[in-house]
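One structure below.
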Amino acid sequence: MTEGKQIPLLQALREYYNTHFSLDQYEQVVATQPYGNREFGFLLPGNVFIRNRSFHSKQILLEYFQVNVPLSAYAGAVYDQPLSPTLRIQNVQWMGHELVFDLDINEYDSVRVCGCKGREYCHQCWELIQEAAEVMDETLAEDFGYKERIWVFTGGRGLHCWVKDEKTFSYSPRQRDAVVSYMQMIHDPKGQQRVDSLPSAPKLLVSRIYSKTLISFLTRMDEKVIAKATEMSKQRVRRLVKEAKEYQEGTKLSKPLGNWLKKGEEERILKAAILYRYPRIDHKVSIDIRRVVRMPGTVHSSTGLISEIISNPTEFYPDDAMSVWEAIK
Ligand SMILES: [Zn+2]
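All residue numbers for the sequence shown refer to our numbering, where the first residue is 1459 and numbers rise by one.
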């Protein structure tokens, strides 16, 4: 982030929305009807949150940004009529909403070994987000066949994935729930961090857990952490790690876990790998069909970073994002 002398956030936002902002990135993530009957929400200066707003045209929405200088801006679902303070989402017919997934670094707090908590992140723990995006993107493409998946840095502590495929636009909360549930392996009733049993997971997902999640758990984590999480001796963990690296490098081994493991150990290792490295998707964001979601191209006011579309989430780090102060320079 920009250090030193910088103009106050509100002044920077005013300049940004009046002279540098465009709706191009927002238009790229929505499947249909970017204006007209779509709902928008804003956090305005003074921390006033408003929603149930629609704009007839791009020009009117741009003017709204210029005049009101929102601290945060969100887009929601499309309805059969434009929304207004007197015609709210409860009073109109819902037509559709892109399928959206949310990954936040704070979801990993119980397994982050770097010491970061909440909104904090570092290169070590941000790898978890990069890996999660890789596993999710592959799952959405291969297991569900979704073609248009756009990844967005929110400007805060994580990523969104917008799926634009037409068939997903009208998905009910139940259908959205089914997609998330398919991918979800960690359930958290009262903070217990329960990992689902592997045999009941879909085959494609299981092979992905072996080839990606397990390998990164064994090759990227400290051996002490692995030993503790798997309840195995240091010597056995060393052998595991060595074989995982050989497997990762290529042809030497045909599978990442050897036959020398004791009964029950393989299951324990996989569950530990899932707990530490597997995607943790915020279920609520995906199933709420009336939710308003941060618009790419707008500023996240608690960091000053601009939410942006990223072409490769597996290589992206938040320092790559532009701040509002850099944008107006
Ligand atoms: Zn960290």
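Don't be surprised by glycine CBs; every beta carbon is placed ideally from N, CA and C.
Since we're looking at a predicted model, the values are computed, not measured.
Asked                                                                                                                                                 : Found
Given the structure, does Arg1697 come close to ligand 1, in the sense that its CB is under 7 Å from one of the ligand's heavy atoms?                 : no
Does ligand 1 have even one heavy atom less than 7 Å from the beta-carbon of Arg1570?                                                                 : yes
Which residue marks the beginning of the alpha helix (DSSP H) containing Ser1639, and which one marks its end?                                        : 1631 to 1641
Just to confirm, are Leu1733 and Gln1651 a CB contact at a threshold of 8 Å?                                                                          : yes
What residue ranges within the region 1469 to 1528 form continuous beta strand (DSSP E) runs of no fewer than 3 residues, ordered along the chain?    : 1496 to 1502, 1506 to 1511
Less than 8 Å between the beta carbons of Ser1530 and Thr1756, yes or no?                                                                             : yes
Classify Cys1580: buried if its beta carbon has 16 or more other beta carbons within 10 angstroms, exposed otherwise.                                 : exposed
In three-state DSSP terms, what is Gly1649?                                                                                                           : helix
Just to check, is the beta-carbon of Gln1582 closer than 7 Å to a non-hydrogen atom of ligand 1?                                                      : yes
List the DSSP bridge partners of Glu1723.                                                                                                             : None, per the DSSP bridge assignment.
Can you list, in chain order, the residues of its chain whose CB lies under 6 Å from that of Pro1776, leaving out five sequence neighbours each side? : none
Taking the DSSP output, what are the residues bridged to Val1558?                                                                                     : Trp1620
Output yes or no for whether 8 Å exceeds the beta carbon distance between Arg1678 and Glu1585.                                                        : yes
State the beta-bridge partners of Arg1546 as determined by DSSP.                                                                                      : Its beta-bridge partners do not exist; DSSP assigns none.
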